[in-house]
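Colleague: Protein chains in written order, with the working numbering: chain D, 13 to 346; chain F, 13 to 346; chain P, 13 to 346; chain R, 13 to 346. Glycine included, C-beta positions come from ideal geometry on N, C-alpha and C. Treat the numbers as computed from the prediction; the structure is a model and nothing was measured. This is the structure I have questions about; it appears just below.
There are 4 protein chains.
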Amino acid sequence: MSEMKIGVIGTGAIGQTHIERINTKLQGARVIACADPNADFCKSIAEKFSLKAYDDPKDMINADDIEAVVVTAADNFHEEYVLAAIEAGKYVFCEKPLAPESNACRKIVDAEIAGGKQLVQVGFMRRYDPGYRQLKELIDSGDYGAPLMLHCAHRNPEVSGFTTEMSVENSLIHEIDVLRWLLGENYETAEVVFPRTTRNAEGELRDPQIMYLTTESGIRIDVESFVNCKYGYDIKCEVVCEEGTLTLPEPANVMKRVDAARVTPICRDWSERFVDAYNIEFQEWINACKEGRVDGPTAWDGYVGQVTAAAASKARDAQSVMTIEFDEKPAFYN
Amino acid sequence: MSEMKIGVIGTGAIGQTHIERINTKLQGARVIACADPNADFCKSIAEKFSLKAYDDPKDMINADDIEAVVVTAADNFHEEYVLAAIEAGKYVFCEKPLAPESNACRKIVDAEIAGGKQLVQVGFMRRYDPGYRQLKELIDSGDYGAPLMLHCAHRNPEVSGFTTEMSVENSLIHEIDVLRWLLGENYETAEVVFPRTTRNAEGELRDPQIMYLTTESGIRIDVESFVNCKYGYDIKCEVVCEEGTLTLPEPANVMKRVDAARVTPICRDWSERFVDAYNIEFQEWINACKEGRVDGPTAWDGYVGQVTAAAASKARDAQSVMTIEFDEKPAFYN
Amino acid sequence: MSEMKIGVIGTGAIGQTHIERINTKLQGARVIACADPNADFCKSIAEKFSLKAYDDPKDMINADDIEAVVVTAADNFHEEYVLAAIEAGKYVFCEKPLAPESNACRKIVDAEIAGGKQLVQVGFMRRYDPGYRQLKELIDSGDYGAPLMLHCAHRNPEVSGFTTEMSVENSLIHEIDVLRWLLGENYETAEVVFPRTTRNAEGELRDPQIMYLTTESGIRIDVESFVNCKYGYDIKCEVVCEEGTLTLPEPANVMKRVDAARVTPICRDWSERFVDAYNIEFQEWINACKEGRVDGPTAWDGYVGQVTAAAASKARDAQSVMTIEFDEKPAFYN
Amino acid sequence: MSEMKIGVIGTGAIGQTHIERINTKLQGARVIACADPNADFCKSIAEKFSLKAYDDPKDMINADDIEAVVVTAADNFHEEYVLAAIEAGKYVFCEKPLAPESNACRKIVDAEIAGGKQLVQVGFMRRYDPGYRQLKELIDSGDYGAPLMLHCAHRNPEVSGFTTEMSVENSLIHEIDVLRWLLGENYETAEVVFPRTTRNAEGELRDPQIMYLTTESGIRIDVESFVNCKYGYDIKCEVVCEEGTLTLPEPANVMKRVDAARVTPICRDWSERFVDAYNIEFQEWINACKEGRVDGPTAWDGYVGQVTAAAASKARDAQSVMTIEFDEKPAFYN
């Protein structure tokens, strides 16, 4: 079967990573073009990877030889390009968030439904991490009873230029998606509290934060966001079920016995921690598109994620519990 | 140095354990008498351990040859016997709670102060667990910065005759004491929430529960209480500090490779999990009494524990955050 | 760059796995033909994967459109097909062993040298396992001093139709290659001893066995081979260095707390344990061939492996230590 | 029951540790006297612990108020004092080795048998370590089938003034005893090999060494002795059985997440690693003596240990396998 031809919008670090991934590691597709508002930079990247450069992403979206689009542009432009791809009837993989505002996400959902075909996938790569997949399989087996509580943490060694708002919007959005997928049910309430702030937080930043979520069946989730934890990039998830608990595995690293200790390395950044997840995510996306379907996180998932994040942000600003109100799920996504 | 002579009030399971512990495992003291409202049963236990039996605990407290008293009677009787011991000028080790009501605890505190000498120790044995002691030493070293969050769990395999109230009062009271000791600061607020209830909870019992505590410096604590977790007796405590996290160790057990898994046993009950803590607690109590002092959890700690538990109970009933109000700490306890 | 066209010799289980791997998971190559002495079976596999079927593997090797060959035929046929590929000037990936007899391996080495170009790679996939690669990187860093001892185990849950000879030749051959690669030096002596035999060994089989190897610099290696260990497929490697030890990581699996134990799954077979290693091995082989070189285990490595295995087999039969004699390494392989 | 009165021979570091242990931590006994060839030093220790000092250990052994003796004198004097204790009909706890020469051990055995009562216990404290006890219980359960192989290591961070001979005689003697106890059967052969020597070994010292032992039923044991491993004091024992393996637990220490790693401390010396074992060993010895029996390692165990160590030493010097010849076990010890 011939390779699916892809155009990438946004040629920054993430965009380049995806170009390299698709063109040197994965199978069945090829990035043949790229587009970026910064025309000169776009040209340099196009040369580096032997791609065709477009000044206007929409021209690329509408080009005859482009079958699918990857959107890694700045968040504010996601809506415009995803809608253009839908209009052109092309598959579109959009990095999270689908759009910063939930009503923009809703607009995308409506456009996709109007077009009559699922074309949009959102880049929630955690669902492809082998550890989370094991967790989901074990939960779904029913062998441990219903999940009752989730205790999670999302820690970065350090960040700069980070604001209090970004903990929910940039970090915890990953947990918002992956935990809902893991549990197979929607959230009902959100709350965000501020523990004592670390001396390592810059300026006005409140770090760490803890987000509490509850689900329709009453499952209670706590997720710590700690973006200046100093020690490493660390993702924890413990699922407490009625007859046992399940813990997300640590990455497999060599254990050293040295300096009066057993020492096992922890990752320093997300790209190292989730490299397998990214590869699997894109390979499965390519495979599904070539079979004429989307089987990853949908536009609806993108909408639900942003509604939840918005409620959590409101809860954080108000320092009180917020009820989360979703539109009814369209039958289109069942 | 001669052995300290001890009388034990309450000859139930716990009382017998302590008699056996002091008389066959520890050094420097001897239980020579016991007292219990159930006179016949008391006599049978006295015979078993070759002790003198008293019908009235107060007679035993006031007996000339008794130097120290251990109170393991029903909670409601703690106040009466502890006050009697203070009046008799004798050391008294009282199982938690010091008294169910915080004003009863305060009365004991006042009596002890009036007596002019510290005589009371409360049975919060977690402070003697080698793992918690390691945690405290590491926190106090300052090498990891200030603690910001504590994530804890207190799980029992199953219970019967347990009520929703007992999660705070019987289970979480241990964390209330040990975490305050670990951090060296008082609590400010308490909250108790109800996750989805396990199908394994009897009757009206809400199980699991999560208690949230905040401290004076803003440290935020979550403690899961899950008394029907089914899988084992399990105590978890992770201290998230500014430059690293510290995790309470698992008990040292043989790891088996069997049946396609690495399998390491978990305890089934608290007496197994904390056997070392109990031994160390009583040995250190005996040693301190013989040197004329009390160096374990004081009557004031007992008071603070009950005030905190009362606030958490109120918070649970009201399903809202409660501020915790303590009396000012008397200089007597500094 | 166009896809490298591959023909696979041997359409049994392993052959099919490689066809599927190359054609659905990896990039840059495509299996377009297969050959097997069992012509009917070969045809059915060819149909299944839409390949061209050849009755005679040599016809396929010499076909104009075939650029590289994968040999998964029965061990005895390896020599013939690898030599044919060398003669045809085509890259050839040969499953281990390169050939059962070391003089056959030597013949391949000589043919390759005579041809003037490295074309042969041997399927020692352990070198591609991420855990072993971490070990090698840490050893090579020199941070832990020189390796002094290696303690290893290679365990299978159970086997049937296995003979005492096969422990060295089929199982331990993997350690023979990967440990030499890890240490970067040759072996000097081999010994094989028989511990107490498990009641689960069939017939005359001696199981477990332990192979001892020493290297040029005096490093001492013990490798347990236990093919009926019952509990799972388990690979262990501890490298004891002058200033620390390094342990091969366990696969990353969910830890469950259930039934009074912490339980982490162990694989049941090698294909699950080394699936990543196989994928990386073939992708790197494809990439290297397309760049005109071989950078995996060479024909010389295949020769050295068989010489070592032969010495170990002799040592086992004689129940004494054998010195291992290698030809001098041809400059061609430096 | 009154306290058993003990005299300690040898007032060096170990002797003092035992005096302090018995007099401040354990129950049912009291050290009341000490003896040491260095009379002045002996007096100073006697004063420190309020003991009676004896110039001649035999006077102390024969003193009316001494009921039991602990021998921690230099190895060469063990025989003389143990025999004197047997003659005096007093319980004697002798630190390992019972005597450096196996025929001296045999002499003690014969004297004890002639005396008609078991009085001697040898200080092999590993049998009292809770981890080894768990191992023994699991092996004896039969749930995992027969043991087939043991893989062990005994590592010290560093030593000075150590000779090649001492690895067997001072370090591995502990494994010689505890593994035989664990398995419940005698050894048949011993061998000691020299891996590459660490650059951290002083002078002519060969370090590390590996001892191989086989047992009557064919179980094969490897024990690494590495006295300059640099990283810590570390004891490993893996028992490979027919249907599973069992691993000696690591000490329970806080795990830290810090500096991009999970870090769990390892002990730095044996006294820290085996402090519980020593306490249990002496408490059980006291309890047994007071009940009129010896239930720890016997004089016969001391004899068997030295015979095995002598064979291992001979095997090391000859660099070949030695068969171990024991006298027949006297019925007295069944």
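Mind checking the region 241-258 of chain D against chain F and listing, in chain order, the residues whose C-beta falls within less than 8 angstroms of any C-beta there?
Modeller: Cβ contacts with chain F come from Cys241, Lys242, Tyr243, Val252, Glu254, Glu255, Gly256, Thr257.
Colleague: Would you mind telling me which residues of chain P sit closer than 9 angstroms to Arg232 of chain D, beta carbon to beta carbon, in chain order?
Modeller: Position 220 of the first sequence, counted from the first residue, corresponds to residue 232 of chain D. Within chain P, no residue comes near Arg232 of chain D; the closest Cβ sits about 18 angstroms away, beyond 9 angstroms.
Colleague: My assumption, with CB atoms under 8 angstroms, is that Arg118 of chain R sits in contact with Tyr315 of chain R. Please give the rounded CB distance.
Modeller: Numbered from its first residue, the fourth sequence carries residue 118 of chain R at position 106. Numbered from its first residue, the fourth sequence carries residue 315 of chain R at position 303. Correct: roughly 6 angstroms between the Cβ atoms.
Colleague: For a cutoff of 8 angstroms on Cβ pairs, would you count Glu236 of chain R as touching chain P?
Modeller: Here residue 236 of chain R refers to the residue found at position 224 of the fourth sequence. It does; some Cβ of chain P falls within 8 angstroms.
Colleague: According to a CB-to-CB cut-off of less than 7 angstroms, which residues of the region 264-287 of chain F neighbour chain P?
Modeller: Listed by position along the chain: Arg269, Val270, Asp271, Ala272, Ala273, Arg274, Val275, Thr276, Pro277, Ile278, Arg280.
Colleague: Compare the C-alpha of Ala97 of chain R against each of R:Asp71, R:Asp313, R:Lys108 and name the closest.
Modeller: One-based indexing of the fourth sequence puts residue 97 of chain R at position 85. The shortest C-alpha separation from Ala97 of chain R is found at R:Asp71.
Colleague: Would you report the Cα separation of Cys54 of chain F and Ser183 of chain F, rounded to the nearest angstrom?
Modeller: Residue mapping note: residue 54 of chain F aligns to position 42 of the second sequence, counting from 1. Residue mapping note: residue 183 of chain F aligns to position 171 of the second sequence, counting from 1. Distance between the alpha carbons of Cys54 of chain F and Ser183 of chain F: 28 angstroms.
Colleague: Could you give the first and the last residue of the continuous beta strand (DSSP E) run that contains Gln331 of chain R?
Modeller: Reading the fourth sequence from its first residue, position 319 is the one you call residue 331 of chain R. That residue, Gln331 of chain R, is in no beta strand (DSSP E); it is neither H nor E in DSSP.
Colleague: Between the Cα of Glu15 of chain R and those of F:Thr36, F:Asp87, F:Asp339, spot the shortest distance and give me the residue it belongs to.
Modeller: One-based indexing of the fourth sequence puts residue 15 of chain R at position 3. Of the candidates F:Thr36, F:Asp87, F:Asp339, the one whose C-alpha sits nearest the C-alpha of Glu15 of chain R is F:Thr36.
Colleague: Classify Asn115 of chain D as buried or exposed, calling it buried when 16 or more other Cβ atoms lie within 10 Å of its own Cβ.
Modeller: Here residue 115 of chain D refers to the residue found at position 103 when the first sequence is read from its first residue. Asn115 of chain D should be labelled exposed.
Colleague: Would you decide whether Arg274 of chain D is buried or exposed? Buried here means 16 or more other CB atoms lie within 10 Å of its CB.
Modeller: Mapped onto the first sequence, residue 274 of chain D falls at position 262. Flag for Arg274 of chain D reads buried.
Colleague: Which chain D residues are close to Ala158 of chain F, counting only those with a beta carbon under 9 angstroms from its beta carbon?
Modeller: Against the second sequence, residue 158 of chain F aligns to sequence position 146. Residues of chain D passing the Cβ test: Arg208, Thr210, Arg211.
Colleague: Can you check whether the CB of Leu160 of chain P is closer than 8 angstroms to the CB of Glu228 of chain P?
Modeller: What you label residue 228 of chain P is simply residue 216 of the third sequence in a count that begins at 1. What you label residue 160 of chain P is simply residue 148 of the third sequence in a count that begins at 1. It is not a contact, given that the beta carbons lie outside the stated cut-off.
Colleague: Between F:Phe238, F:Ile18, F:Val266, which lies nearest to Gly256 of chain D when the distance is taken from Cα to Cα?
Modeller: Along the first sequence, read from residue 1 onward, the residue named residue 256 of chain D stands at position 244. Of F:Phe238, F:Ile18, F:Val266, the residue nearest in Cα terms is F:Phe238.
Colleague: Return the bridge partner residues of Arg211 of chain F from the DSSP annotation.
Modeller: Looking up residue 211 of chain F in the second sequence gives position 199. According to DSSP, Arg211 of chain F bridges with nothing at all.
Colleague: Of all the options D:Pro277, D:Ala45, D:Gln28, which has the alpha carbon lying nearest to the alpha carbon of Ala264 of chain D?
Modeller: Here residue 264 of chain D is taken as the residue at index 252 of the first sequence, counted from 1. That would be D:Pro277, whose Cα lies nearest to the Cα of Ala264 of chain D.
Colleague: Starting from Tyr243 of chain D, trace the alpha helix (DSSP H) both ways and give me its first and last residue.
Modeller: Counting from one through the first sequence, the residue named residue 243 of chain D turns up at place 231. Looking at the DSSP string, Tyr243 of chain D is not in any alpha helix (DSSP H), and its letter there is neither H nor E.
Colleague: State buried or exposed for Gly22 of chain D, treating a residue as buried only when at least 16 other CB atoms are found within 10 Å of its CB.
Modeller: The residue given as residue 22 of chain D occupies position 10 in the first sequence. Buried, since its Cβ has 16 or more Cβ neighbours within 10 Å.
Colleague: Which residues of chain D have a Cβ atom closer than 8 angstroms to the Cβ of Gly154 of chain P, listed in chain order?
Modeller: Along the third sequence, one-based indexing puts residue 154 of chain P at 142. Result: empty, since nearest Cβ-Cβ is about 13 angstroms, beyond 8 angstroms.
Colleague: Quick check on Val81 of chain F: does DSSP put it in helix, strand or coil?
Modeller: In the second sequence, residue 81 of chain F corresponds to position 69, counting from 1. Strand.
Colleague: For Ile78 of chain F, which option in F:Gly128, F:Ile18, F:Tyr140, F:Glu99 has the closest C-alpha, if you only look at C-alpha atoms?
Modeller: The sequence position of residue 78 of chain F within the second sequence is 66, counting from 1. It is F:Ile18.
Colleague: Tell me whether Gly135 of chain D is buried or exposed, calling it buried when 16 or more other Cβ atoms sit within 10 Å of its Cβ.
Modeller: Here the question's residue 135 of chain D lines up with position 123 in the first sequence. Under this definition Gly135 of chain D is a buried residue.
Colleague: Let me know if Ala343 of chain P comes out buried or exposed under the rule of 16 or more other beta-carbons within 10 Å of its beta-carbon.
Modeller: One-based indexing of the third sequence puts residue 343 of chain P at position 331. With fewer than 16 other Cβ atoms within 10 Å, it is exposed.
Colleague: On the criterion of 16 or more Cβ atoms from any shown chain inside 10 Å, does Gln331 of chain D qualify as buried, or is it exposed?
Modeller: On the first sequence, position 319 is the one that residue 331 of chain D refers to. Per the 10 Å Cβ criterion, exposed.
Colleague: So, is the C-beta of Thr29 of chain P closer than 8 angstroms to a C-beta in chain D?
Modeller: Position 17 of the third sequence, counted from the start, is the residue given in the question as residue 29 of chain P. Judged by the 8 angstroms Cβ criterion, Thr29 of chain P is not in contact with chain D.
Colleague: Considering only C-alpha positions, which residue in the set P:Glu303, P:Gly128, P:Ala47, P:Ala323 is nearest to Glu113 of chain P?
Modeller: By one-based count along the third sequence, residue 113 of chain P stands at place 101. Of P:Glu303, P:Gly128, P:Ala47, P:Ala323, the residue nearest in Cα terms is P:Ala323.
Colleague: Look at Thr201 of chain F and Thr226 of chain F and say whether their C-beta atoms are less than 8 angstroms apart.
Modeller: To locate residue 201 of chain F, count along the second sequence from 1; it is residue 189. To locate residue 226 of chain F, count along the second sequence from 1; it is residue 214. Yes. Within cutoff.
Colleague: Let me check one thing: in DSSP terms, what residues is Gln221 of chain F bridge-paired to?
Modeller: By 1-based counting over the second sequence, the position of residue 221 of chain F is 209. In DSSP, Gln221 of chain F forms a bridge with F:Ser237.
Colleague: Could you list which residues in chain F have their beta carbon closer than 7 angstroms to that of His163 of chain D, in chain order?
Modeller: Locating residue 163 of chain D in the first sequence gives position 151, counting from the first residue. Residues of chain F passing the Cβ test: His163.
Colleague: Go ahead and label Thr335 of chain P buried or exposed: buried means 16 or more other beta carbons lie within 10 angstroms of its beta carbon, across all protein chains shown.
Modeller: Translated into positions along the third sequence, residue 335 of chain P becomes position 323. The residue in question, Thr335 of chain P, is exposed, as its Cβ has fewer than 16 Cβ neighbours within 10 Å.
Colleague: Quick check: His166 of chain D and Ile222 of chain D, are their CB atoms within less than 8 angstroms of each other?
Modeller: Within the first sequence, residue 166 of chain D is the residue found at index 154, counting from 1. Within the first sequence, residue 222 of chain D is the residue found at index 210, counting from 1. Contact: no.
Colleague: Using the C-alpha atoms, what's the distance from Asp307 of chain P back to Tyr290 of chain P?
Modeller: Taking the first residue of the third sequence as position 1, residue 290 of chain P is located at position 278. Taking the first residue of the third sequence as position 1, residue 307 of chain P is located at position 295. Using only the alpha carbons, I get a separation of about 15 angstroms.
Colleague: I'd like to confirm the pairing. Which residues does DSSP put opposite Ala323 of chain R in its beta bridges?
Modeller: Working through the fourth sequence from its first residue, we reach residue 323 of chain R at position 311. In DSSP, Ala323 of chain R forms no bridge with anything.
Colleague: Roughly how many angstroms separate the alpha carbons of Arg269 of chain R and Cys249 of chain F, rounded to a whole number?
Modeller: Against the fourth sequence, residue 269 of chain R aligns to sequence position 257. Against the second sequence, residue 249 of chain F aligns to sequence position 237. So the two alpha carbons sit approximately 14 angstroms from each other.
Colleague: If you draw a straight line from the alpha carbon of Val292 of chain R to that of Tyr140 of chain R, how long is it in whole angstroms?
Modeller: Here the question's residue 292 of chain R lines up with position 280 in the fourth sequence. Here the question's residue 140 of chain R lines up with position 128 in the fourth sequence. The question names Val, but residue 292 of chain R in the sequence shown is Ile. When rounded, the distance between both Cα atoms is 6 angstroms.
Colleague: Give the secondary structure of Leu184 of chain D by DSSP, where H, G and I count as helix, E and B as strand, and everything else as coil.
Modeller: Counting from one through the first sequence, the residue named residue 184 of chain D turns up at place 172. Helix, per DSSP.
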